[in-house]
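Engineer: In this note's numbering, the protein residues as written are 1 to 315.
Just so you know, even glycine gets a beta-carbon here, dropped at the ideal spot from N, CA and C.
Okay, here's the thing in structure tokens:
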């Protein structure tokens with residue numbers, strides 16, 4: 001890590017999820033030492049309260065943000081500099097979008113670890129009633145800690161919910177005695193990546209697109225076949241976009257998950273029409289991406305019916 005970077009340890013979750021308890025226990029641990037002064041940034045007032053007198057380190061300084069509007073780069077930099085801190089711990093408000101924090105972080109601030117805490121007794125209820133906020137927190141966390149676990153929570157359902165959004169984060173169940181058990185079962189892909197032609201069925205598009213975003217290199221050289229909608233307005237006469245609308249949690253977040261493609265016969269394609277594409281994936285630079293990405297070298301294109309439903313989902 002660059003010596004000028006400020007590591008940020010981010011704790012997310014809804015009220016009574018256990019964030020405060022975990023942070024308090026960490027700060028009381030005699031081995032706790034991030035090196036240098038630490039800013040503890042509180043973005044909500046929970047039932048549990050901090051006990052600074054019990055902390056093992058006297059170089060932790062607490063600041064509170066009363067509203068999401070206070071999340072500005074200038075204000076955060078001022079709080080850090082006020083105490084000469086070189087580390088940040090954030091207890092984030094579960095009702096605030098994470099982009100509010102990400103977009104406000106001053107230059108040099110880097111999220112070093114991101115934890116999501118949830119109560120096992122309310123996780124499914126929060127997911128059902130506040131799906132968009134749950135997705136917002138699940139999308140980037142490195143570990144989900146489901147505490148107060150009594151064994152009654154449907155772990156298959158939790159696994160399905162989490163893996164639809166985040167295929168890499170750890171899932172840990174912590175019982176009432178504080179013992180944690182990890183759900184480390186592998187994440188199955190809904191297609192055969194070793195097949196001569198990898199058939200991406202209508203129900204598998206979202207998972208395929210997400211998996212490429214996480215492990216792009218393993219797709220280099222693979223031949224795939226799938227149905228997608230074509231957009232022909234690109235910078236090159238031999239280049240176009242093909243993909244599907246993907247919904248993560250609700251209609252408000254539907255996005256066109258597109259892939260760049262190259263073909264010598266783009267003049268035969270009809271804008272916004274559906275095609276079955278057979279193509280070889282090449283990982284390389286393309287104007288459609290900021291860096292290397294999956295570029296489809298088209299082998300064949302033929303008109304196809306729109307999938308039912310047209311919008312792909314992860315679940």
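(1) Taking residue 311 as the reference, give the member of 274, 78 and 290 with the closest Cα.
(2) Tell me the DSSP secondary structure of residue 266 in three-state form.
(3) Pull up the distance between the alpha-carbon of residue 240 and that of residue 97, whole angstroms please.
(4) Let's see if you can read the secondary structure: which residues bound the alpha helix (DSSP H) around residue 213?
(5) For the segment 82–108, list the beta strand (DSSP E) runs that are entirely contained and at least 3 residues long, ordered along the chain.
(6) Do residue 282 and residue 295 have their beta-carbon atoms positioned less than 7 Å apart in this structure?
(7) Of the choices 134, 176 and 179, whose alpha-carbon is the least far from that of residue 158?
(8) Of the choices 187, 107 and 115, whose alpha-carbon is the least far from that of residue 167?
(9) Could you tell me whether the segment 191–203 touches the segment 141–155, using the rule of 3 or more Cβ pairs below 8 Å?
(10) Quick one: give me the first and last residue of the beta strand (DSSP E) that residue 242 is part of.
(11) Between residue 253 and the rest of its own chain, which residues show a CB-CB distance below 8 Å, the 5 nearest in sequence each way excluded?
(12) By DSSP, does residue 170 sit in helix, in strand, or in coil?
(13) In the structure shown, what three-state DSSP assignment does residue 7 receive?
(14) Are the beta-carbon atoms belonging to residue 64 and residue 37 less than 7 Å from one another?
(15) What residues in its chain sit with their C-beta under 6 Å from that of residue 52, if we drop five residues either side in the sequence?
(16) Quick check on residue 53: does DSSP put it in helix, strand or coil?
(17) Just to confirm before moving on: does the CB-CB distance between residue 243 and residue 260 stay below 7 Å?
(18) Where are the alpha helix (DSSP H) runs, 4 residues long or more, that stay fully inside the segment 106–181, in chain order?
(19) Name, in chain order, the residues that DSSP records as bridge partners for residue 42.
(20) With DSSP run on the structure shown, which of helix, strand or coil describes residue 77?
Structural biologist: Answer, in terms of the structure:
(1) Here residue 311 refers to the residue found at position 311 when the chain shown is read from its first residue. Ranking the options by Cα distance to residue 311, first place goes to 274.
(2) Within the chain shown, the letter at position 266 stands for residue 266. Correct three-state label for residue 266: helix.
(3) In the chain shown, the residue the question calls residue 240 occupies position 240. In the chain shown, the residue the question calls residue 97 occupies position 97. Distance between the alpha carbons of residue 240 and residue 97 is about 33 Å.
(4) The count along the chain shown starts at 1 and reaches residue 213 at position 213. Taken as a continuous stretch (DSSP letters only), the alpha helix (DSSP H) holding residue 213 covers 205–214.
(5) 87–91
(6) The residue given as residue 295 occupies position 295 in the chain shown. The residue given as residue 282 occupies position 282 in the chain shown. In contact: residue 295 and residue 282 (Cβ atoms closer than 7 Å).
(7) Along the chain shown, one-based indexing puts residue 158 at 158. That would be 134, whose Cα lies nearest to the Cα of residue 158.
(8) Residue numbering aside, residue 167 sits at position 167 when the chain shown is read from its first letter. The option with the nearest alpha carbon to residue 167 is 187.
(9) no
(10) In the chain shown, residue 242 corresponds to position 242, counting from 1. Element bounds for residue 242: 239–247.
(11) Position 253 of the chain shown, counted from the start, is the residue given in the question as residue 253. Cβ neighbours of residue 253 beyond the five flanking positions: 132, 135 and 247.
(12) Translated into the one-based positions of the chain shown, residue 170 becomes position 170. Looking at residue 170 - three-state DSSP - the assignment turns out to be strand.
(13) Position 7 of the chain shown holds residue 7. In the structure shown, residue 7 sits in a strand (DSSP, three-state: E or B).
(14) Residue mapping note: residue 64 aligns to position 64 of the chain shown, counting from 1. Residue mapping note: residue 37 aligns to position 37 of the chain shown, counting from 1. Going by C-beta atoms, residue 64 is not nearer than 7 Å to residue 37.
(15) Position 52 of the chain shown, counting from 1, holds the residue named residue 52. Within the same chain, residue 52 has no close Cβ partners at all.
(16) Position 53 of the chain shown, counted from the first residue, corresponds to residue 53. Three-state result, residue 53: helix.
(17) Reading the chain shown from its first residue, position 243 is the one you call residue 243. Reading the chain shown from its first residue, position 260 is the one you call residue 260. Cβ atoms of residue 243 and residue 260: not closer than 7 Å.
(18) 123–129, 131–138 and 155–165
(19) Along the chain shown, one-based indexing puts residue 42 at 42. According to DSSP, residue 42 bridges with 64 and 91.
(20) One-based indexing of the chain shown puts residue 77 at position 77. In this structure, residue 77 counts as helix in the three-state DSSP scheme.
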